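The numbering used here puts the first residue of the sequence shown at 1, with every later residue one more than the last. Below is one structure, written out as structure tokens; the observations come after it.
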Amino acid sequence: MTDPKNYAVFLYPQAIEALGEPIKPYLRDVPGGPHIVCSEIDASGALFEMTLAGKGPNGESLELEIMLPTSMVRLVMSMHGEHEIGFV
Numbered sequence: 001m002t003d004p005k006n007y008a009v010f011l012y013p014q015a016i017e018a019l020g021e022p023i024k025p026y027l028r029d030v031p032g033g034p035h036i037v038c039s040e041i042d043a044s045g046a047l048f049e050m051t052l053a054g055k056g057p058n059g060e061s062l063e064l065e066i067m068l069p070t071s072m073v074r075l076v077m078s079m080h081g082e083h084e085i086g087f088v
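Put into structure tokens, the structure is as follows:
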């Protein structure tokens, strides 16, 4: 069985600043740089779409979709599993 594929989406620092407080709960700030981990991405249009999977307060599965201009995206990395990005 394979690990589910996730994506680490890195935004430009100016994009993080422009998006402000609403984006901060979704950023993981690690030594490799702040990024958003999402289960699906779609870069085919004018907006870059990210789908985040999570759990609600009662344990129910939730999905959140964030859309932002593609010009805000610096780098996308494909990950397997839910591990942190970095080097060992």
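The beta-carbon is built from N, C-alpha and C at its ideal position, and this holds for glycine as well. In this text the structure is predicted, and so the values were computed from the model without any measurement.
(request) Specify the secondary structure class of A8 as computed by DSSP and reduced to three states. (result) Against the sequence shown, residue 8 aligns to sequence position 8. In the structure shown, A8 sits in a strand (DSSP, three-state: E or B).
(request) Taking all protein chains shown into account, decide if F10 is buried (16 or more other Cβ within 10 angstroms of its Cβ) or exposed. (result) Within the sequence shown, residue 10 is the residue found at index 10, counting from 1. The residue in question, F10, is buried, as its Cβ has 16 or more Cβ neighbours within 10 Å.
(request) Please classify E21: does DSSP put it in a helix, a strand, or coil? (result) Position 21 of the sequence shown, counting from 1, holds the residue named residue 21. E21: helix per DSSP, three-state reduction.
(request) Look up S61 in the DSSP assignment and give the residues it is bridged to. (result) Stepping through the sequence shown from its first residue, residue 61 is reached at position 61. In DSSP, S61 forms a bridge with K55.
(message) Our contact map puts V76 next to I41 with C-beta atoms below 8 Å; I'd like the distance itself, whole angstroms only.
(response) Residue 76 sits at position 76 when you count from the first residue of the sequence shown. Residue 41 sits at position 41 when you count from the first residue of the sequence shown. Contact flag correct, Cβ pair sits at about 6 Å.
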